[in-house]
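**Student:** Following our numbering, the residues of the sequence shown are numbered contiguously, the last one being 1035. Glycine included, each C-beta is placed from N, C-alpha and C at the ideal position. Computed from a predicted model, the values in this text were never measured in an experiment.
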Amino acid sequence: MLQSNSGYAVSPHHRYNPDDCTACAVCTVHCPVAEATSAFRGPKQTGPAYERFRLAGFGDDDSITYCSNCKNCDISCPSGVPVAVFNMLARAAYRDKRGTVLRDLLIGHAGDIGRALRRVPACVLNFGMQNSLTRRLLDRIGLDRRAPLPAFAPLAERDRLRQGSAAAAAPGRPSRAAARRGKVALFPGCFVNYYEPRVGSAVIGLLEKAGYNVIVPESFVCCGLPMITGGLMSAALKRARTNSRELARLTRLGIPVVTPCPSCALMLRREYRDLFPEEEGLADNSAGVHEACAFFSGLQDRREFSLADARPVRATLAYHAPCHLRALGLGRPGIELLQRIPGLRIEDMDAGCCGMSGSYELKKGHYDIGMRIGAALFEAVDKSGAKIAVSECGTCRVQIAHGAGCAAAHPLTLLAECLGVTGA
612 MLQSNSGYAV SPHHRYNPDD CTACAVCTVH CPVAEATSAF RGPKQTGPAY
662 ERFRLAGFGD DDSITYCSNC KNCDISCPSG VPVAVFNMLA RAAYRDKRGT
712 VLRDLLIGHA GDIGRALRRV PACVLNFGMQ NSLTRRLLDR IGLDRRAPLP
762 AFAPLAERDR LRQGSAAAAA PGRPSRAAAR RGKVALFPGC FVNYYEPRVG
812 SAVIGLLEKA GYNVIVPESF VCCGLPMITG GLMSAALKRA RTNSRELARL
862 TRLGIPVVTP CPSCALMLRR EYRDLFPEEE GLADNSAGVH EACAFFSGLQ
912 DRREFSLADA RPVRATLAYH APCHLRALGL GRPGIELLQR IPGLRIEDMD
962 AGCCGMSGSY ELKKGHYDIG MRIGAALFEA VDKSGAKIAV SECGTCRVQI
1012 AHGAGCAAAH PLTLLAECLG VTGA
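1. Hey, Leu1023 and Ala929 are a contact pair by Cβ (cut 8 Å); roughly how many whole angstroms apart?
2. Please say whether Asn896 and Thr862 have beta carbons closer to each other than 8 Å?
3. Apart from the five residues on each side of it in sequence, which residues of its chain come closer than 8 Å, Cβ to Cβ, to His641?
4. Where does Asn824 sit, in a helix, a strand or coil, going by DSSP?
5. Exposed or buried, what is Thr1006 when buried is set at 16 or more other beta-carbons lying within 10 Å of its beta-carbon?
6. Among Pro933, Met740, Lys974 and Ala847, which one has its Cα closest to the Cα of Gly835?
7. In this structure, what does DSSP give as the bridge partners for Tyr930?
8. Using C-beta distances below 6 Å, list every residue in its chain close to Pro759, excluding the 5 sequence neighbours before and after it, in chain order.
9. For His931, tell me which candidate among Asp961, Leu910, Arg925 and Ala921 has the shortest Cα-Cα distance.
10. From what residue to what residue does the beta strand (DSSP E) around Glu902 run?
11. Over what stretch of residues does the alpha helix (DSSP H) that includes Lys849 continue unbroken?
12. Run the CB neighbour count on Thr657, radius 10 Å, all protein chains shown included, and call it buried at 16 or more, exposed below.
13. With burial defined as no fewer than 16 other Cβ atoms inside 10 Å of the residue's Cβ, what is the status of Asp885: buried or exposed?
14. Taking the alpha helix (DSSP H) that Thr870 falls in, what are its first and last residues?
15. Going by CA-CA distance only, name the one from Arg706, Ser679 and Gly985 that's closest to Gly963.
16. Going by DSSP, what residue range makes up the beta strand (DSSP E) through Leu797?
17. Name the residue from Gly981, Arg880 and Glu915 whose alpha carbon lies nearest to the alpha carbon of Ala938.
18. Pro808 to Ala650, Cα distance in whole Å?
19. Quick one: is Ala1000 buried, meaning 16 or more other Cβ sit within 10 Å of its Cβ, or exposed?
20. Glu972 to Tyr883, Cα distance in whole Å?
21. So Ala733 is in the alpha helix (DSSP H); what residue range does that whole segment cover?
22. Quick one, which of Asn737, Glu958, Ser995 and Ser1002 has its alpha-carbon nearest Cys965's?
23. Determine the DSSP secondary structure at Ala919, reduced to helix, strand or coil.
24. Return yes when the Cβ of Val869 is within less than 8 Å of the Cβ of Leu797, no when it is not.
25. From the DSSP output, in three-state form, read off Lys974 for me.
26. So Ile957 packs on Cys1029, CB below 8 Å; how close in whole Å?
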């Protein structure tokens, strides 16, 4: 068993059997990275197939760093092998032996950095991050200067989300809508917290319209996915423990947790269990975590949430299903909701991965690969003629805006606008 410097076992072989893989190579056929570059040998080869060599002490080569963790291998595997888990744990072992890259430390701890800077005005943060001198410096440490960085939201919007959630959690404070269905907890995720708090505000408003009293527990931290993809497994485990304690508390109180980020939902519902199966308490709370669009779609199906008063909109939208939403196996709940708005036409691009895959395209050496992966999606958006693209994933929206030159929004922000919901 390989050990990290912190003593945490990071090799997958002690929990998953590589012989479960039948070597059918379906995962490689469906891997967008393997199609875009020969530098990546494919998820099967670097994951369960090469695990046999890792068991013999051969270690890894640089090919493991090209996996984007998009989960298309897991989605396509007919045998249910957690191929991406093999790759992420192998990458952690690789990084532990080779040393962590500063770039991966910065990306992995972006949520902590955002929390530390949450009182700084957006104009200062965005100038500091986006000016040409900073981009050149970031390029030198491995963040490609051509890659799109998300812009921090105005301080007032970030504060509004925080203050709205704090007010909702205050004892004795009634919800703006009668709390017919009790409380629900919002897990905004780092992207919503710092870059698009309007998404969080829209979700709060919609939940209140549905009759819930919304709380946003401040004890929630980054889900840990950026750390996983950077090989920072021990740091991710600390976040998993913190979030799981809060999930356990909410579960005991019968309070469901809703997140507008599919990647956060995937981490909270499944990845903690898959990556850290030895940890007690990480696998018991997944049933209480809901992706936001799927949550509202369920309410709609049970006639507990009405779109009857949605104002008609004459427009065509281009929809992109994030890879991690597809990995959750929830279908297309965002489309299902928006299709109920009179006059709104939704076209499912069905064009594969956007190429950003969280932070993949930001990394030097990956930008051109990410743009090749996303080319089919960019072309599909352009051909659709849509002025706005919709996707549940924040970084997918950044990538669509960058590659297709099209405005991009979360489905629930549009839904909230059509229903006249103002949010927190």
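**Tutor:** Considering the structure as presented:
1. Taking the sequence shown and counting its residues from 1, the one referred to as residue 1023 is at position 412. Taking the sequence shown and counting its residues from 1, the one referred to as residue 929 is at position 318. Contact flag wrong, Cβ pair sits at about 17 Å.
2. For this step, residue 862 is matched to residue 251 along the sequence shown. For this step, residue 896 is matched to residue 285 along the sequence shown. For Thr862 and Asn896, yes; Cβs fall inside 8 Å.
3. For the purposes of this step, residue 641 is identified with residue 30 of the sequence shown, where counting begins at 1. So the list reads Asn683, Cys684, Ile686 and Ser687, once near-sequence residues are dropped.
4. Residue mapping note: residue 824 aligns to position 213 of the sequence shown, counting from 1. Three-state result, Asn824: strand.
5. Working through the sequence shown from its first residue, we reach residue 1006 at position 395. With 16 or more Cβ atoms within 10 Å of its Cβ, Thr1006 is classed as buried.
6. Taking the first residue of the sequence shown as position 1, residue 835 is located at position 224. For the residues Pro933, Met740, Lys974 and Ala847, the minimum Cα distance to Gly835 belongs to Ala847.
7. Stepping through the sequence shown from its first residue, residue 930 is reached at position 319. Bridge partners of Tyr930: Asp959 and Val1001.
8. For the purposes of this step, residue 759 is identified with residue 148 of the sequence shown, where counting begins at 1. Around Pro759: Val1009 and His1013.
9. For the purposes of this step, residue 931 is taken as residue 320 along the sequence shown, with counting starting at 1. Taking only the C-alpha atoms, the option nearest His931 is Asp961.
10. What you label residue 902 is simply residue 291 of the sequence shown in a count that begins at 1. Note, Glu902: beta strand (DSSP E), Val900 to Glu902.
11. Within the sequence shown, residue 849 is the residue found at index 238, counting from 1. Residues Met844 to Arg863.
12. Your numbering for residue 657 matches position 46 in the sequence shown. Thr657 should be labelled buried.
13. Walking along the sequence shown from the start, residue 885 turns up at place 274. It is buried - the Cβ of Asp885 has at least 16 other Cβ atoms within 10 Å.
14. Residue mapping note: residue 870 aligns to position 259 of the sequence shown, counting from 1. Taken as a continuous stretch (DSSP letters only), Thr870 belongs to no alpha helix (DSSP H), being part of the beta strand (DSSP E) at Val868 to Thr870.
15. In the sequence shown, counting from the first residue as 1, residue 963 sits at position 352. The shortest C-alpha separation from Gly963 is found at Gly985.
16. Along the sequence shown, read from residue 1 onward, the residue named residue 797 stands at position 186. That run of the beta strand (DSSP E) goes Lys794 to Leu797.
17. Indexing the sequence shown from 1 puts residue 938 at position 327. That would be Arg880, whose Cα lies nearest to the Cα of Ala938.
18. Residue mapping note: residue 808 aligns to position 197 of the sequence shown, counting from 1. Residue mapping note: residue 650 aligns to position 39 of the sequence shown, counting from 1. In a straight line, the C-alpha of Pro808 is about 37 Å away from that of Ala650.
19. Residue mapping note: residue 1000 aligns to position 389 of the sequence shown, counting from 1. Buried, by the Cβ-count rule.
20. Your numbering for residue 972 matches position 361 in the sequence shown. Your numbering for residue 883 matches position 272 in the sequence shown. Answer to the nearest angstrom: the Cα atoms are 24 Å apart.
21. Stepping through the sequence shown from its first residue, residue 733 is reached at position 122. Here the alpha helix (DSSP H) through Ala733 covers Ala733 to Gln741.
22. Here residue 965 refers to the residue found at position 354 when the sequence shown is read from its first residue. For the residues Asn737, Glu958, Ser995 and Ser1002, the minimum Cα distance to Cys965 belongs to Ser1002.
23. Here the question's residue 919 lines up with position 308 in the sequence shown. Ala919 falls in the coil class under three-state DSSP.
24. Translated into positions along the sequence shown, residue 797 becomes position 186. Translated into positions along the sequence shown, residue 869 becomes position 258. Contact flag set, yes.
25. The count along the sequence shown starts at 1 and reaches residue 974 at position 363. It is a strand residue.
26. Translated into positions along the sequence shown, residue 957 becomes position 346. Translated into positions along the sequence shown, residue 1029 becomes position 418. Contact flag wrong, Cβ pair sits at about 13 Å.
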